[in-house]
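Working notes for the structure below.
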Amino acid sequence: MLDLEGRLSLMEEIKAECLKCKRCPLSQLRTQVVFGEGKVNTELMFVGEAPGAEEDVQGKPFVGKAGQLLTKILQSVGISRDEVYITNVVKCRPPNNRNPTPEEVSMCWPFLEAQIAVIRPKIIVTLGSVSTQAILKLKDPITSVRGKWFEWIGGIRVFPMFHPSFLLRNLSREKGSPRWLTWEDIKEVKRAWQELRR
Ligand code: URA
Numbered sequence: 097m098l099d100l101e102g103r104l105s106l107m108e109e110i111k112a113e114c115l116k117c118k119r120c121p122l123s124q125l126r127t128q129v130v131f132g133e134g135k136v137n138t139e140l141m142f143v144g145e146a147p148g149a150e151e152d153v154q155g156k157p158f159v160g161k162a163g164q165l166l167t168k169i170l171q172s173v174g175i176s177r178d179e180v181y182i183t184n185v186v187k188c189r190p191p192n193n194r195n196p197t198p199e200e201v202s203m204c205w206p207f208l209e210a211q212i213a214v215i216r217p218k219i220i221v222t223l224g225s226v227s228t229q230a231i232l233k234l235k236d237p238i239t240s241v242r243g244k245w246f247e248w249i250g251g252i253r254v255f256p257m258f259h260p261s262f263l264l265r266n267l268s269r270e271k272g273s274p275r276w277l278t279w280e281d282i283k284e285v286k287r288a289w290q291e292l293r294r
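Offset between the sequence shown (1-based) and this note's numbering: plus 96.
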């Protein structure tokens, strides 16, 4: 098993490989690869869909409007971004913020798989249907799987949540609304994470 230094250096190697990637046409359109960031020895990982315009410019995941909302959601239960790891299924921005294609997802998959292998998280929170369907290999809509626990390879538990950009389009906080459900979901993530650390 790798110590922290070993994990950091392996993650740097994977990142270097990813930054050079030209496997799919998205590489021709990117300003920067958005590899992911955070703690490499964390139990808790968040996986989104693909970088948007702001992420493409800054080279960091979830730094645009949806990202700022994600940061707030995490902060609302006392989770700081630097104690978890945040990345996306696809590391380069799809044009006009369209969903990544299944081919793009599968070409980028080895990078996410390698990141997961280095981090060995106990919990992966998938944000939105693209990452949920890519990781869990299912076709169910996010509305029917969010807020449920799934057992994944290596004893990792996967917990789907709504994507924050969906919440930017759904402002209601009424009981049962996507924002209300997300509040329930993030509290569940925090509870499960705390239980692991006890
Ligand atoms: N949406 C995502 O899925 N990922 C990001 O990094 C930003 C927006």
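Even glycine gets a Cβ: it sits at the ideal position worked out from N, Cα and C. Being a predicted model, the structure only gives us computed values, none of them experimental.
In this structure, the ligand URA has a non-hydrogen atom nearer than 7 angstroms to the beta-carbon of residue 158.
If one requires a minimum length of 4 residues, the alpha helix (DSSP H) runs lying completely within the region 136-217 are 149-154, 161-172 and 198-215, in chain order. One thing to note: residue 292 has its Cβ no nearer than 8 angstroms to the Cβ of residue 243. In the structure shown, residue 224 adopts coil according to DSSP, grouped into three states. Following the DSSP letters along the chain, one finds residue 257 inside the beta strand (DSSP E) bounded by residues 253-257.
Pairing residue 120 with residue 199 gives a Cβ-Cβ distance under 8 angstroms.
By the Cβ neighbour-count rule, residue 189 is buried, with 16 or more other Cβ atoms within 10 Å of its own. Boundaries of the alpha helix (DSSP H) harbouring residue 114: 100-115, taken from the DSSP string.
Inclusion of residue 144 in the 7 angstroms shell around the ligand URA follows from its C-beta lying nearer than that to a non-hydrogen atom of the ligand.
Rounded to the nearest whole angstrom, the CA to CA distance from residue 192 to residue 162 is 15 angstroms. Here DSSP, grouped into helix, strand and coil, assigns residue 262 to helix. Distance from the C-beta of residue 133 to the nearest heavy atom of the ligand URA is not below 7 angstroms.
Residue 165 sits close to residue 263, with the two beta carbons spaced by under 8 angstroms.
Where residue 125 is concerned, the enclosing alpha helix (DSSP H) starts and stops at 122-125. Of the other Cβ atoms in all chains shown, 16 or more fall within 10 Å of the Cβ of residue 145; this residue is therefore buried. Beta-bridge pairing by DSSP links residue 133 to 182. In terms of side-chain proximity, the C-beta atom of residue 184 is found nearer than 7 angstroms to a non-hydrogen atom of the ligand URA. Take the alpha-carbon of residue 138 and the one of residue 208: they are about 15 angstroms apart.
The beta carbon of residue 282 is closer than 6 angstroms to those of 169 and 173 in its chain, skipping five residues each way along the sequence. Taking the Cα positions, residue 143 is about 14 angstroms away from residue 196.
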